[in-house]
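Just below is one structure, and these are the notes that go with it.
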Amino acid sequence: MHMDRVAVVTGGSRGIGRGIVEALARSRWSVVVNYRSDADAAESTRRSALSLGAPRAIGVRADVADLDAGRRLVDETLETFGRIDLLVNNAGVAPRTRLDLLDADPEEFDRLLAINLRGPYFLTQTVARRMVELVESGRVVDPQIHFITSVSAEFASINRGEYCVSKAGLSMAVKLFATRLAKAGIRVFEIRPGVIATDMTESVKAIYDRRLAEGLAPIERWGRPEDVGAAVVSLASGGIPYATGNVIEVDGGLHLRRL
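For the record, in the sequence shown the residue sitting at position 115 is 115 according to the numbering used here, with numbers rising by one throughout.
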């Protein structure tokens with residue numbers, strides 16, 4: 001059994017997920033690239049991880065909204081590596097169409113909450129149970145669970161309310177799991193990205209180019225997937241040992257209240 005530290009990154013094949021996988025690979029983590037449908041993107045990310053220094057990397061197809069698939073993801077990881085040191089709940093979707101709050105669609109609300117909140121909530125439950133066993137048996141030290149949320153956990157966007165609600169729910173899930181798992185030696189963090197350049201934000205690029213130039217955030221540039229990856233690696237390295245449940249803002253200062 002390999003003793004490399006092992007990270008599972010949901011939605012790991014592209015965007016912020018790929019940035020996280022590659023940052024972990026540079027720090028010599030073995031990685032599980034979870035993906036829902038794009039096998040080519042997952043394979044590209046897996047190969048990139050190996051080239052950047054990951055001792056081992058596998059792709060596992062599983063839709064986190066499907067709780068059985070989530071359990072299979074965990075089983076497959078443990079069968080391959082014998083351990084999970086880090087779960088990064090990154091997989092998430094935006095609404096297909098941005099609709100005013102008064103026109104919001106219940107089916108779209110259910111879809112977003114299933115993927116963005118219900119899936120990671122119960123995947124975390126599954127992983128946490130196994131992590132408790134791994135800590136008790138001495139196979140894993142300082143395991144962590146990270147939730148990638150969004151500034152939308154706090155900022156109200158009235159044309160994508162379901163997204164904001166899903167991320168606010170995840171933010172509470174962090175507090176809950178951090179409280180429940182601390183005695184077991186498992187630490188839980190929320191990483192809250194701001195405006196990050198990915199295919200998810202491509203459709204609003206012109207709007208945010210302008211708003212960033214006008215001073216939307218104190219650091220006047222787009223965030224990049226590697227910025228989020230750097231935050232994950234910083235925490236996962238164990239450099240802040242007396243902390244759990246923290247919100248790490250990766251948003252160029254967007255969250256600061258300014259006059």
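C-beta: ideal position from N, C-alpha, C; glycine also.
Residue range of the alpha helix (DSSP H) that includes residue 150: Position 150 of the sequence shown holds residue 150. Segment: none, residue 150 is in no alpha helix (DSSP H) and carries neither H nor E.
Euclidean distance between Cα positions of residue 85 and residue 143: Reading the sequence shown from its first residue, position 85 is the one you call residue 85. Reading the sequence shown from its first residue, position 143 is the one you call residue 143. Cα to Cα, the separation comes out at about 5 Å.
Check whether residue 179 and residue 145 have beta carbons under 7 Å apart: For the purposes of this step, residue 179 is taken as residue 179 along the sequence shown, with counting starting at 1. For the purposes of this step, residue 145 is taken as residue 145 along the sequence shown, with counting starting at 1. Not in contact: residue 179 and residue 145 (Cβ atoms no closer than 7 Å).
The alpha helix (DSSP H) enclosing residue 163, as first and last residue numbers: Taking the sequence shown and counting its residues from 1, the one referred to as residue 163 is at position 163. Run containing residue 163: 161-181, per the alpha helix (DSSP H) assignment.
Three-state secondary structure assigned by DSSP to residue 218: Within the sequence shown, the letter at position 218 stands for residue 218. If DSSP states are grouped into helix, strand and coil, residue 218 belongs with coil.
Environment of residue 17 [buried if 16+ CB atoms lie within 10 Å]: Numbered from its first residue, the sequence shown carries residue 17 at position 17. Buried, since its Cβ has 16 or more Cβ neighbours within 10 Å.
Local conformation of residue 115 per DSSP, three classes: Here residue 115 is taken as the residue at index 115 of the sequence shown, counted from 1. Helix.
Run of the alpha helix (DSSP H) containing residue 292, from where it starts to where it stops: Here the chain has residues from 1 to 259 only, and residue 292 is not among them.
Chain-order list of residues whose beta-carbon lies under 6 Å from that of residue 46 (same chain, five-residue window excluded): Mapped onto the sequence shown, residue 46 falls at position 46. Here the set comprises 33, 57, 59.
Own chain, CB closer than 7 Å to residue 55, minus 5 neighbours either side, in chain order: Counted from its first residue, the sequence shown places residue 55 at position 55. 2, 4, 28, 30.
Through-space distance from residue 169 to residue 117, alpha-carbon basis: To locate residue 117, count along the sequence shown from 1; it is residue 117. To locate residue 169, count along the sequence shown from 1; it is residue 169. Each residue's alpha carbon lies about 7 Å from the other.
The stretch 124-138 contacting the stretch 156-163, beta-carbon criterion three pairs below 8 Å: no
Alpha-carbon to alpha-carbon, residue 149 and residue 244: For the purposes of this step, residue 244 is taken as residue 244 along the sequence shown, with counting starting at 1. For the purposes of this step, residue 149 is taken as residue 149 along the sequence shown, with counting starting at 1. One C-alpha to the other measures close to 16 Å.
Given 8 Å, three or more beta-carbon pairs between the stretch 185-193 and the stretch 170-177: yes
Enclosing alpha helix (DSSP H) for residue 79 [first to last residue]: Locating residue 79 in the sequence shown gives position 79, where the first residue counts as 1. Its alpha helix (DSSP H) spans residues 67-81.
DSSP three-state assignment for residue 106, whether helix, strand or coil: Residue 106 sits at position 106 when you count from the first residue of the sequence shown. Of the three classes helix, strand and coil, the one that applies to residue 106 here is helix, per DSSP.
Coil, strand or helix - residue 30 by DSSP: Counting from 1 along the sequence shown, the entry for residue 30 is found at position 30. Here residue 30 sits in strand by DSSP.
Proximal residues to residue 64 (C-beta, below 7 Å), its chain only, five neighbours per side dropped: Mapped onto the sequence shown, residue 64 falls at position 64. Once the five neighbours on either side are set aside, the close Cβ partners of residue 64 are 10, 70, 91, 115, 119, 120, 123.
Extent of the continuous beta strand (DSSP E) to which residue 188 belongs: Walking along the sequence shown from the start, residue 188 turns up at place 188. Taken as a continuous stretch (DSSP letters only), the beta strand (DSSP E) holding residue 188 covers 187-193.
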